[in-house]
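Enquirer:
Numbering (UniProt numbering), first residue to last: 1 to 338.
1) If you draw a straight line from the alpha carbon of residue 212 to that of residue 206, how long is it in whole angstroms?
2) What span of residues does the alpha helix (DSSP H) with residue 164 cover, start to end?
3) Taking the straight line between their C-alpha atoms, what separation do you get for residue 141 and residue 31?
4) What's the C-alpha gap between residue 41 and residue 28?
5) Figure out for me which residue from 119, 107, 84 and 148 has the closest Cα to the Cα of residue 135.
6) Roughly how many whole angstroms lie between the Cα atoms of residue 8 and residue 153?
7) Mind the definition here: the region 231-242 touches the region 256-269 only if three or more C-beta pairs lie below 8 angstroms; say whether that holds.
8) Excluding the 5 residues preceding and the 5 following residue 139 in the sequence, name in chain order all residues of the same chain whose CB lies nearer than 8 angstroms to its CB.
9) Mapping DSSP to helix, strand and coil, what is residue 206?
10) Any idea what DSSP makes of residue 214, helix, strand or coil?
11) Helix or strand or just coil, what does DSSP make of residue 50?
12) Residue 15: buried (16+ other C-beta within 10 angstroms of its C-beta) or exposed?
13) Taking the alpha carbon of residue 145 as the point to measure from, which residue in 33, 12 and 251 has its own alpha carbon closest?
14) For the alpha helix (DSSP H) that residue 109 lies in, which residues bound it at each end?
15) Short of 6 angstroms in beta carbon distance, which residues of its chain neighbour residue 67, apart from the five on each side in sequence? Order them along the chain.
16) Using a Cβ-Cβ cut-off of 6 angstroms (strictly less than) and excluding sequence neighbours within five positions of residue 97, which residues of its own chain qualify?
17) Which of the three DSSP states is assigned to residue 281 in this structure?
18) Taking Cβ positions, are residue 166 and residue 197 nearer each other than 8 angstroms?
19) Pull up the distance between the alpha-carbon of residue 49 and that of residue 90, whole angstroms please.
20) So the alpha helix (DSSP H) residue 33 belongs to, where does it begin and stop?
21) Cβ of residue 236 within 8 angstroms of Cβ of residue 265?
22) For residue 58, which residues from the same chain have a beta carbon less than 7 angstroms from its beta carbon, with the 5 sequence-adjacent residues on both sides left out?
23) Give the straight-line distance between the Cα atoms of residue 189 and residue 79, rounded to the nearest whole angstrom.
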């Protein structure tokens, strides 16, 4: 919460997109250093040792990876940021930027994923958040801090198209034929509305983040939901609404197919989460049953120990009373003899 209040919220309240691009320039050298650190210090030295433990094909794990694969389907939401950050936003320039960015991200993810698997494959428990398994040294701490900073600087770029979409959805303008997208102009969102949307969205995100501490669950849920909604379901609904007035069978059919694919992708992405939650609930139920059994056993043993202690105490008191009576009798006998 402190990071959100001190760092993320002020960055998300920045108006102009080119200022955010300057902050995001930190991500490129950091991810390069992240891959180099994984290759030199962790993955590279353990590659030959981890080869016998590595599983190259596991169909049961494909369902867990599908939602993350779907995350590539909502990358078009960043086209607005790219368009506003370019001095000459032509189609060729945007295509070049997108191709270069996708190539860099794909290579970085592939290298980091493979080397991370090679670095920790020999461990019995392989977690989704690989930073938890990092050794506790200064280099690993610097890598984790750098990753935290890169996520912090990238949050405003994610919020920019989100605010634009919310503003267009909730406060629809009558004349949308043309609008100004120059870099030296203020956004058309009023300042009060801009701040309310930003703070409200941050609060909702913080509250939702408290529901789980597993990063893989967050990635699966957000990827499947965002990919199906932004890539298929919402465009299909917009097309059905637009082509409902102009009755064209072909466009309506394509929109229906898009809607079906979006719902199917959403179900495929959410199904692994449901299975994991059911297995988690079963594990929790078994654990609760074992805890109850152990508590019953402890209470039974405690009751038996109290009973045995009571019997021993009674015997001890009886023995003390008997010894007192014996001493009294012997004392009286001694007095009589005297």
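Built from N, CA and C at the ideal position, the CB exists for glycine as well.
Expert: From the atom records:
1) 11 angstroms
2) 138-170
3) 15 angstroms
4) 20 angstroms
5) 119
6) 8 angstroms
7) yes
8) 37 and 41
9) helix
10) coil
11) helix
12) exposed
13) 33
14) 91-120
15) 220, 223, 224 and 269
16) 82
17) Residue placement at residue 281 is poorly supported in this model, since its pLDDT is 47, which falls under 50; the coordinates still yield a value, given next. In this structure, residue 281 counts as helix in the three-state DSSP scheme.
18) yes
19) 50 angstroms
20) 27-37
21) no
22) none
23) 19 angstroms
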